[in-house]
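Here the structure is laid out as structure tokens; the discussion comes afterwards.
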């Protein structure tokens, strides 16, 4: 199955790196409802995230006091 045509979608690896966490931690937080579900899941189950999702995730992490792990947030 081809990837989404919108090039602004990121994979879980890219998003985890942007948020300063590992892929397994990212998926765990999504599964537990700490972070929102992916923006798009293709027919093969590959999760994709857009810039709006990343913005919301950063806001959630900031509220939870995890800003030291989020690049561009906190000190």
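In my numbering, the protein residues as written are 622 to 696.
Note that the Cβ used here is the ideal one computed from N, Cα and C, for glycine as well.
Worksheet entry | Integer Cβ distance of residue 648 from residue 633, believed to fall under 8 Å | Indeed, because the Cβ distance is near 7 Å, the residues count as touching under 8 Å.
Worksheet item: In whole angstroms, what separates the C-alpha of residue 629 from that of residue 684?
Response: A direct Cα-Cα distance of roughly 25 Å separates residue 629 from residue 684.
Practice prompt. Check each candidate in 666, 665, 661 and name the one with the smallest Cα separation from residue 672.
Written response: Nearest option by C-alpha distance: 661.
Worksheet item: Taking the alpha-carbon positions, what's the residue 643 to residue 670 distance?
Response: Residue 643 and residue 670 have their alpha carbons spaced roughly 15 Å apart.
Practice prompt. Taking all protein chains shown into account, decide if residue 658 is buried (16 or more other Cβ within 10 angstroms of its Cβ) or exposed.
Written response: Classification for residue 658: exposed.
Discussion item. Please list the terminal residues of the continuous alpha helix (DSSP H) segment that includes residue 668.
Written reply: Taken as a continuous stretch (DSSP letters only), residue 668 belongs to no alpha helix (DSSP H), being part of the beta strand (DSSP E) at 668-670.
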